[in-house]
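K.L.:
I have a structure here, written as structure tokens, and I will follow up with some questions on it.
Numbering (the numbering used here), first residue to last: 319 to 777.
Below, the structure written as structure tokens:
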């Protein structure tokens, strides 16, 4: 039997029982629609999470921090990690280490994470609040898409961007009035102690006399800055320590202030000299594909590393499991619809026994009969899959519309939580055809086994 004859006979048979075959096709459509709707939700949520993380700049960032002790390196360090120091003192995260990290291939910059508590005065009102430094590259973060005012005009500009909650605490009715105001920031400056020349006479060697281990003192200082921007959300999704602040200054400006940090006390007892140390550094990588090798190079220098890719792998595994369960639940309706195909084709075999017998008497082989029933099952699956994809796509649009409306009612920006990519369309239609063909195996085999003599005598 030629292919055109097969197609013509299959479509003719489907038209002869249009109502029953139509209802079976609708059943397949419902199953595919539920499958597409559920998987679109899983795909949309995964894309949303990936976009939020990508916009936050965390995929191309490695967080670098120093070990607190060699014991912590032994307990928490990974196999094959940095060797334990023989003197029991871990590597110090200072300016020299920062320069070495910036020299690693694929590293664009290494900015310190500086966050501290200071006193801020605005129009005579005083507030104890958290202050942090932001690099110029932070301007690309999605938190600043709704920035009121402007970002820093320069890397060392005496300007500040404040959180909306801080501005509301200053003026609940008109928080935007803080733009253009001058803030006076009072902070603790770390100042090294100058050696006393009279004490040098007591040293027994030139090495002792040149030792800079005299310590440092803490001095209260003030800085005047102008408020140029107002931001509502936490930068970087609140996933960095510097993002959880209420007043932001340029990082380069904060570095010149030499602000006292908790790591300074640890460095005072760990380092041979009283050099400035950092609590953590944010190393930006030119491409997320190079994050793993950058992490490995930094670990070999004796430091701890963390990147969002470590958490993203767990997140990706979660979405794979979520998609699996959504697909299983969505396939249940399709499984029920496949029983409808079996029922429809079995009834067709019983109703068309004489027709099948005549076809076999005229020379149709068992293979031709099976192909005919497979063609009918596949046709119902194909059209049912197309209709189901269209219904599932409409459901996804409804979900997005309802979600956007719900978020707008609560003053949140709309988000796309359901997505129907082209690969899902093709996979859904293909799955519908495969399930339909599988459901047609038994009816096709039963029709092929009919004895033509008995089939012709059936009526």
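Even glycine gets a Cβ: it sits at the ideal position worked out from N, Cα and C.
Given the structure is predicted, the values throughout are model-derived calculations rather than measurements.
Is the beta carbon of residue 456 sitting closer than 7 Å to the one on residue 553?
P.N.:
Here residue 456 is taken as the residue at index 138 of the chain shown, counted from 1. Here residue 553 is taken as the residue at index 235 of the chain shown, counted from 1. For residue 456 and residue 553, yes; Cβs fall inside 7 Å.
K.L.:
Of the residues 719, 365, 347 and 428, which one's Cα is nearest the Cα of residue 788?
P.N.:
Given a span of 319 to 777 for the chain in the structure shown, any question on residue 788 remains unanswerable.
K.L.:
According to the neighbour-count rule (16 or more other Cβ atoms, all chains shown, within 10 Å of its Cβ), is residue 579 buried or exposed?
P.N.:
To locate residue 579, count along the chain shown from 1; it is residue 261. Buried, since its Cβ has 16 or more Cβ neighbours within 10 Å.
K.L.:
Taking all protein chains shown into account, decide if residue 471 is buried (16 or more other Cβ within 10 angstroms of its Cβ) or exposed.
P.N.:
If you number the chain shown from 1, residue 471 lands on position 153. By the 10 Å Cβ count, residue 471 comes out exposed.
K.L.:
Check for me: the beta strand (DSSP E) holding residue 428 runs from which residue to which?
P.N.:
Against the chain shown, residue 428 aligns to sequence position 110. It spans 425-430 - the beta strand (DSSP E) in which residue 428 sits, taken as one unbroken run.
K.L.:
Quick one, are the C-beta atoms of residue 637 and residue 364 less than 7 Å apart?
P.N.:
Along the chain shown, read from residue 1 onward, the residue named residue 637 stands at position 319. Along the chain shown, read from residue 1 onward, the residue named residue 364 stands at position 46. Cβ atoms of residue 637 and residue 364: closer than 7 Å.
K.L.:
Identify, in the order they occur along the chain, each residue of the same chain with its Cβ nearer than 7 Å to the Cβ of residue 418, setting aside the five sequence neighbours on each side.
P.N.:
For this step, residue 418 is matched to residue 100 along the chain shown. Result list for residue 418: 619, in chain order.
K.L.:
Look up residue 437 in the DSSP assignment and give the residues it is bridged to.
P.N.:
Locating residue 437 in the chain shown gives position 119, where the first residue counts as 1. Per DSSP, 446 and 504.
K.L.:
Go ahead and label residue 710 buried or exposed: buried means 16 or more other beta carbons lie within 10 angstroms of its beta carbon, across all protein chains shown.
P.N.:
In the chain shown, the residue the question calls residue 710 occupies position 392. Per the 10 Å Cβ criterion, buried.
K.L.:
Taking the DSSP output, what are the residues bridged to residue 481?
P.N.:
Numbered from its first residue, the chain shown carries residue 481 at position 163. Answer is 549, bridged to residue 481.
K.L.:
Per DSSP, which residues does residue 683 bridge with? Please list them.
P.N.:
Walking along the chain shown from the start, residue 683 turns up at place 365. According to DSSP, residue 683 bridges with nothing at all.
K.L.:
Considering only residues of the same chain and omitting the five flanking positions on each side of residue 356, which have a CB-CB separation below 8 Å?
P.N.:
Translated into the one-based positions of the chain shown, residue 356 becomes position 38. Closer than 8 Å at the Cβ level, and outside the excluded window around residue 356, lie 644, 645, 647 and 648.
K.L.:
Measure how close the beta-carbons of residue 732 and residue 722 come, nearest whole angstrom, since I'm counting them as under 8 Å.
P.N.:
Looking up residue 732 in the chain shown gives position 414. Looking up residue 722 in the chain shown gives position 404. Correct: roughly 4 Å between the Cβ atoms.
K.L.:
Give the straight-line distance between the Cα atoms of residue 562 and residue 433, rounded to the nearest whole angstrom.
P.N.:
Within the chain shown, numbered from 1, the residue matching residue 562 stands at position 244. Within the chain shown, numbered from 1, the residue matching residue 433 stands at position 115. Their Cα atoms are separated by approximately 9 Å.
K.L.:
DSSP has residue 566 in a bridge; who is on the other side?
P.N.:
Counted from its first residue, the chain shown places residue 566 at position 248. According to DSSP, which records beta bridges pairwise, residue 566 is partnered with 450 and 479.
K.L.:
Report the rounded CA-to-CA distance for residue 454 versus residue 496, giving the unit in angstroms.
P.N.:
Position 136 of the chain shown, counted from the first residue, corresponds to residue 454. Position 178 of the chain shown, counted from the first residue, corresponds to residue 496. In a straight line, the C-alpha of residue 454 is about 22 Å away from that of residue 496.
K.L.:
Could you tell me the alpha carbon to alpha carbon distance between residue 572 and residue 606, rounded to whole angstroms?
P.N.:
Along the chain shown, read from residue 1 onward, the residue named residue 572 stands at position 254. Along the chain shown, read from residue 1 onward, the residue named residue 606 stands at position 288. Approximately 28 Å, taken between the alpha carbons.
K.L.:
Look at the Cβ atom of residue 425, then the Cβ atom of residue 624, and state whether they are nearer than 7 Å.
P.N.:
On the chain shown, residue 425 is found 107 positions in, with the first residue counted as 1. On the chain shown, residue 624 is found 306 positions in, with the first residue counted as 1. Contact flag unset, no.
K.L.:
Taking Cβ to Cβ, would you say residue 610 is nearer than 7 Å to residue 684?
P.N.:
The residue given as residue 610 occupies position 292 in the chain shown. The residue given as residue 684 occupies position 366 in the chain shown. For residue 610 and residue 684, no; Cβs fall outside 7 Å.
K.L.:
For the alpha helix (DSSP H) containing residue 728, list its first residue and its last residue.
P.N.:
As a first step, residue 728 is located in the chain shown; it is residue number 410 there, counting from the start. Unbroken run through residue 728: none, as it is neither H nor E.
K.L.:
Could you tell me which residues DSSP pairs with residue 412 in its beta bridges?
P.N.:
Along the chain shown, one-based indexing puts residue 412 at 94. Paired residue(s): 595.
K.L.:
Can you tell me the Cβ-Cβ gap for residue 707 and residue 743, rounded? I've got them flagged as a contact below 8 Å.
P.N.:
Within the chain shown, the letter at position 389 stands for residue 707. Within the chain shown, the letter at position 425 stands for residue 743. Confirmed, Cβ separation roughly 5 Å.
K.L.:
Report yes if the C-beta distance between residue 509 and residue 535 is below 7 Å; otherwise report no.
P.N.:
Position 191 of the chain shown, counting from 1, holds the residue named residue 509. Position 217 of the chain shown, counting from 1, holds the residue named residue 535. Yes, these two residues count as a Cβ contact at 7 Å.
K.L.:
Which residue wins for smallest C-alpha separation from residue 537, given the options 504, 565, 549 and 564?
P.N.:
Numbered from its first residue, the chain shown carries residue 537 at position 219. For the residues 504, 565, 549 and 564, the minimum Cα distance to residue 537 belongs to 504.
K.L.:
Using DSSP's beta-bridge definition, name the partner residues of residue 541.
P.N.:
Residue 541 sits at position 223 when you count from the first residue of the chain shown. 503, per the DSSP bridge assignment.
K.L.:
Is residue 463 buried or exposed, if buried means 16 or more other CB atoms sit within 10 Å of its CB?
P.N.:
By 1-based counting over the chain shown, the position of residue 463 is 145. So residue 463 counts as exposed.
K.L.:
Can you tell me whether residue 430 is buried or exposed, with buried defined as 16 or more other CB within 10 angstroms of its CB?
P.N.:
Taking the first residue of the chain shown as 1, we reach residue 430 at position 112. Buried, by the Cβ-count rule.
K.L.:
Can you tell me whether DSSP reads residue 601 as helix, strand or coil?
P.N.:
What you label residue 601 is simply residue 283 of the chain shown in a count that begins at 1. Residue 601: strand per DSSP, three-state reduction.
K.L.:
Per DSSP, residue 467 forms a beta bridge with which residues?
P.N.:
Walking along the chain shown from the start, residue 467 turns up at place 149. Answer by DSSP bridge pairing, in chain order: 547.
K.L.:
Use the C-beta contact count for residue 525: other C-beta atoms within 10 angstroms, 16 or more gives buried, fewer gives exposed.
P.N.:
Numbered from 1 along the chain shown, position 207 holds the residue referred to as residue 525. At residue 525, the pLDDT of 45 sits below 50, so the modelled position is not reliable and the matter cannot be decided from this model.
K.L.:
Of all the CB atoms in chain C, is at least one closer than 7 Å to the CB of residue 765?
P.N.:
Given the protein chain composition of this structure (a single chain), no chain C is represented.
K.L.:
Please list, in chain order, all residues of the same chain as residue 541 whose beta carbon is under 6 Å from its beta carbon, the five residues on each side excluded.
P.N.:
Residue mapping note: residue 541 aligns to position 223 of the chain shown, counting from 1. Within the same chain, residue 541 has close Cβ partners 503.
K.L.:
For a test of the three-state rule: what should DSSP assign to residue 474, helix, strand or coil?
P.N.:
Against the chain shown, residue 474 aligns to sequence position 156. Of the three classes helix, strand and coil, the one that applies to residue 474 here is coil, per DSSP.
K.L.:
If you measure between the beta carbons of residue 444 and residue 435, is that distance less than 7 Å?
P.N.:
Numbered from its first residue, the chain shown carries residue 444 at position 126. Numbered from its first residue, the chain shown carries residue 435 at position 117. No, the Cβ-Cβ distance between residue 444 and residue 435 is not below 7 Å.
K.L.:
Can you check whether the CB of residue 698 is closer than 7 Å to the CB of residue 342?
P.N.:
Counting from 1 along the chain shown, the entry for residue 342 is found at position 24. Counting from 1 along the chain shown, the entry for residue 698 is found at position 380. Their beta carbons are under 7 Å apart, which means residue 342 touches residue 698 by this criterion.
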